[in-house]
Structure formats: structure tokens, C-alpha cells
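Using the numbering used here, the letters of the sequence shown map in sequence onto residues 2 to 354. For glycine and all other residues, C-beta sits at the position ideal for the given N, C-alpha and C. Everything on this sheet refers to the single structure shown next.
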Amino acid sequence: MIPAAIKQRWSKWLDKRIPANKQITLSHKSIFILPSGFGVAWFVLIVVLYLFGTNYQNNLVIGLSLLLASVFHSCIIYSYKNLAGLTLTALTPPETYANQNLAFPIVLSSKINKDNSQTSHQQICLNLPNERHSRITDVAEGVDTSVSCTAQSRGLVNPGRIRVSSSFPLGLFNTWSYVDLNIQHIIYAAPLATHVSLTSLDNDNQTEFEHGKLQPGVDDYKGLKTFVEGESLKQVAWKQWAQGRGMLTKEFAQPEGKPVWLSLDGTLGDSLEQKLSKLAWQVNALSQSQQVFGLALNQQIIEQDSGESHRKQCQQMIALYGSVAKPAITTEPRVTPESTSAFTDKHPVGNRK
Numbered sequence: 002m003i004p005a006a007i008k009q010r011w012s013k014w015l016d017k018r019i020p021a022n023k024q025i026t027l028s029h030k031s032i033f034i035l036p037s038g039f040g041v042a043w044f045v046l047i048v049v050l051y052l053f054g055t056n057y058q059n060n061l062v063i064g065l066s067l068l069l070a071s072v073f074h075s076c077i078i079y080s081y082k083n084l085a086g087l088t089l090t091a092l093t094p095p096e097t098y099a100n101q102n103l104a105f106p107i108v109l110s111s112k113i114n115k116d117n118s119q120t121s122h123q124q125i126c127l128n129l130p131n132e133r134h135s136r137i138t139d140v141a142e143g144v145d146t147s148v149s150c151t152a153q154s155r156g157l158v159n160p161g162r163i164r165v166s167s168s169f170p171l172g173l174f175n176t177w178s179y180v181d182l183n184i185q186h187i188i189y190a191a192p193l194a195t196h197v198s199l200t201s202l203d204n205d206n207q208t209e210f211e212h213g214k215l216q217p218g219v220d221d222y223k224g225l226k227t228f229v230e231g232e233s234l235k236q237v238a239w240k241q242w243a244q245g246r247g248m249l250t251k252e253f254a255q256p257e258g259k260p261v262w263l264s265l266d267g268t269l270g271d272s273l274e275q276k277l278s279k280l281a282w283q284v285n286a287l288s289q290s291q292q293v294f295g296l297a298l299n300q301q302i303i304e305q306d307s308g309e310s311h312r313k314q315c316q317q318m319i320a321l322y323g324s325v326a327k328p329a330i331t332t333e334p335r336v337t338p339e340s341t342s343a344f345t346d347k348h349p350v351g352n353r354k
């Protein structure tokens, strides 16, 4: 068992030696190499044969020991070259909920191949600590792979350093590196099926499910759709047409009824995690129905909106609720003092259902 102090010093040294980056190319500064168990046995055999040959003045045995020594030395070079120049690039992980298998996609490529087409990286293994490894037999021009782990709970996940290893070509040496691809991923709360509980900003505590549903209008931009002959040319997305994306029409929508809210206090549950799981399910259900809704988690407010971007904003806020770490979210939730005060004025903490 390695003491925690040694692990901490080792981690700090790695952070300086191999800094975190979205793309890392392995070099002499980031590659470690040591003999394997088979390599140690090979070296012992060389020593025994050499001593036997010199003791009995047997040139054939001495020559055999020197031949094995040259193979041993050559494997050091080829083992290093098998990892040197290997480039690892992190991609955006797919949307993942708690208790699901989380895969971090990685692209392996080689810059050496541009200068020497005969050089490739073979028998490469990647794995996270205490997780199963992914094996790539040959990295010629570029290979898509992934390292996986189980997302136990919601929140921000940083998988840490990925171990890249190989024992190519003869298994005499183990070469490896620990790379941090600076992966920050948000695990959404596991959805728990429930009924949709919506709260209006008016005096009505519960509104109908259809409140906030979108209907065709001119208020808010909704997206693009295929152009239909006879539609007004004023609505044509000329910018997209110039980009070669075809004839598209801008589509607008407006809420059909009163705006509605999903709130933590208005959600029934035995625990905080159960409430958040129910909210996560309701967010997906309302987004699938293209309904306008807002989300209120105590003092954290996201204004009423709809669409895929709004769904992700809500899921991210649910996933990070109560956590200390605050990552840089791609699209910031539109949280305004006006929306916060409007909700709290209409719904005092003691009167929420």
C-alpha cells in the first residue's frame, strides 16, 4: 500500500512533468520504461550464459549471450519508439446519466507517419485507474477509441490521468505514460419517472400540462425548417442558403398559455436526490413536448424557454446542484435578478407546494 503522501508528491510531479491538455503528444519527457518480468528473466539468462561461457572458455556460449544482449538493448529503443510521437486528442463525451457506463472518446494519431510511412504504433493499451483497458492493435493514420468507467453519481466528473502502455515488440519492456487530457464532463441526475408538476408565476399553484406549449407565431425564434413552396421569401434563411445548406425557412413560435415552472420545493420525494431525479425526468418530458418552462432550485433560476439548449442548461443545473465545483458550461443559463425576484415574490418559501 503506497502512503498518501507519496501519491500526492507523485501527482504533483506528474502535473509539472506532463501538464494537462486536450491534446498530448508523447515524447521522452512523458514516457517511462522498465523491464518486465520476462525482461528480467531474459537479463538473468544473459548473465548466466556469459559467466558459463567465460568460466569454461566456450566462445559459442559467449556469442549467444552477446546476441541475447543485443536483442535486449534493441528492444529498449523499439519499445520507446512505439510510444514516441503518439498523439492523444480528447473529444466531447456523450450525454450520460448517473449509474450509466461513461465512455470518454479519444482519437489516437501519429505525427511520425507523415515523415515515415513505415512507422506505426502497435499494441497500445489505454485505461483509467481500476478500470478495464482498451487495446488498439495498430495506429496507422488515426484510430477512434474510448476509455470507460461507471458514473456513480451526478455532478462534475474528472476521470484524471489515463494510462497509456505497451509491451511491444517482444514483451521484454513495459513502456507507459500517464496523460491528463483535461476532460471535464457533467453527469446528469438519473431520471425517475413521475407526473409533471408545474407551477405558474400567477396565483395558480398548479397549471395544466399544456401551459407553455408552443404554437406558430412571430415572437421567438424556434429554428429552421425545409422551405415549402408558397412561403414568404422574407423568412428564408439566406445565410444558410449561401453556405450550401439548401433552402431553409426561419420558424418562429410563441407560448400557447401561461409560462410554467419546475421547482425543487414543488417536487415530492423522500430525499434530495429523488427530487432531483424527478426533476430531470420532467425536464426531458417537457422538452420532448416542446413546452416552455423555467427551472427554480431555491435561489438558482433559469428563465422560461424551450428547445435542446434549454434542456441541457436545466439538466446541468440539476446535476451541479449542491456541488462546490462550478465548471465552465458551454451555454450559460439565463439567470437574471428579475426572474429570481419574480419567482420568490410569487412563491414564498413557506407557501410553496
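Check                                                                                                                                                                          : Outcome
Contact check, Ser288 vs Ser307 under 8 Å by CB: the rounded distance?                                                                                                         : 7 Å
Nearest-angstrom Cα distance between Ser149 and Val48?                                                                                                                         : 43 Å
How would you call Ser111, buried or exposed, if buried means at least 16 neighbouring beta carbons within 10 angstroms?                                                       : buried
Please confirm if the region 151 to 163 is in contact with the region 98 to 105, defined as three or more CB-CB distances below 8 Å between the two stretches.                 : yes
Short of 7 Å in beta carbon distance, which residues of its chain neighbour Ser66, apart from the five on each side in sequence? Order them along the chain.                   : Ile47, Leu50, Tyr51 and Gly54
Let me know the secondary structure DSSP gives Leu193 once reduced to three states.                                                                                            : coil
Just to confirm, is the Cβ distance from Leu109 to Thr138 under 9 Å?                                                                                                           : no
The beta strand (DSSP E) that contains Gln241, what's its start and end?                                                                                                       : Looking at the DSSP string, Gln241 is not in any beta strand (DSSP E); the run it does join, the alpha helix (DSSP H), is Trp239 to Ala243.
Exposed or buried, what is Gly86 when buried is set at 16 or more other beta-carbons lying within 10 Å of its beta-carbon?                                                     : buried
Tell me Leu225's beta-bridge partners as DSSP assigns them.                                                                                                                    : Lys251
Quick one: residues in its chain with C-beta nearer than 8 Å to the C-beta of Asn183, no 5 flanking neighbours on either side, listed in chain order?                          : Ala21, Asn22, Lys23 and Ala91
How many Å lie between Leu15 and Arg133 at the Cα?                                                                                                                             : 22 Å
Taking Val293 as the reference, which of Ile34, Gln283 and Ser12 has the closest Cα?                                                                                           : Gln283
Which residue from Leu249, Ile3 and Tyr179 puts its Cα closest to that of Leu225?                                                                                              : Leu249
Per DSSP, what kind of secondary structure is Val284 in: helix, strand or coil?                                                                                                : helix
Under the assumption that Tyr322 contacts Leu298 (Cβ atoms under 8 Å), give the Cβ distance between them as a whole number of angstroms.                                       : 5 Å
Since Gln24 is in the beta strand (DSSP E), which residue starts that stretch and which ends it?                                                                               : Gln24 to Thr26
Taking DSSP as the reference, what is the three-state secondary structure of Arg162?                                                                                           : coil
With a Cβ-Cβ cutoff of 9 Å, do Leu35 and Asn175 count as a contact?                                                                                                            : yes
Just curious, the beta strand (DSSP E) that Ser71 is in, first and last residue?                                                                                               : Here Ser71 belongs to no beta strand (DSSP E); instead the alpha helix (DSSP H) covers Asn60 to Leu84.
So, at 6 Å on beta carbons, what are the nonlocal neighbours of Ser12 in its own chain, with the 5 sequence-adjacent residues on each side left out?                           : none
Is it buried or exposed for Glu209, if we count other Cβ within 10 angstroms and need 16 for buried?                                                                           : Residue placement at Glu209 is poorly supported in this model, since its pLDDT is 44, which falls under 50; the coordinates are not used for a value here.
Need the endpoints of the beta strand (DSSP E) that Leu35 sits in, please.                                                                                                     : Phe33 to Pro36
Just reading off the beta strand (DSSP E) that Ala320 is part of, what are its end residues?                                                                                   : First-last for Ala320: Glu309 to Leu321, but that is the alpha helix (DSSP H), not the beta strand (DSSP E).
Using 10 angstroms around the beta-carbon of Tyr57, count the other beta-carbons present and answer buried if the total reaches 16, otherwise exposed.                         : exposed
Take Tyr79 and list the residues in its own chain whose beta-carbon comes closer than 7 Å to its own, dropping the five residues that flank it on each side.                   : Pro170
Lys251 and Leu193 look like a contact to me (Cβ under 8 Å); what is the Cβ gap, rounded to whole Å?                                                                            : That pair is no contact at about 37 Å.
Sort Arg18, Ala238, Arg312 and Ala190 by Cα distance to Ser290 and report the nearest one.                                                                                     : Arg312
Count the other C-beta atoms from every protein chain shown that fall within 10 angstroms of the C-beta of Trp239, then say buried if there are 16 or more, exposed otherwise. : exposed
What whole-angstrom Cβ distance do Leu127 and Ile163 have, given they're in contact under 8 Å?                                                                                 : 6 Å
What first and last residue would you give for the beta strand (DSSP E) that runs through Ala297?                                                                              : Phe294 to Leu298
Please report the Cβ distance between Ser168 and Leu84, rounded to the nearest whole angstrom; I am assuming they are in contact, meaning their Cβ atoms lie under 8 Å.        : That pair is no contact at about 11 Å.
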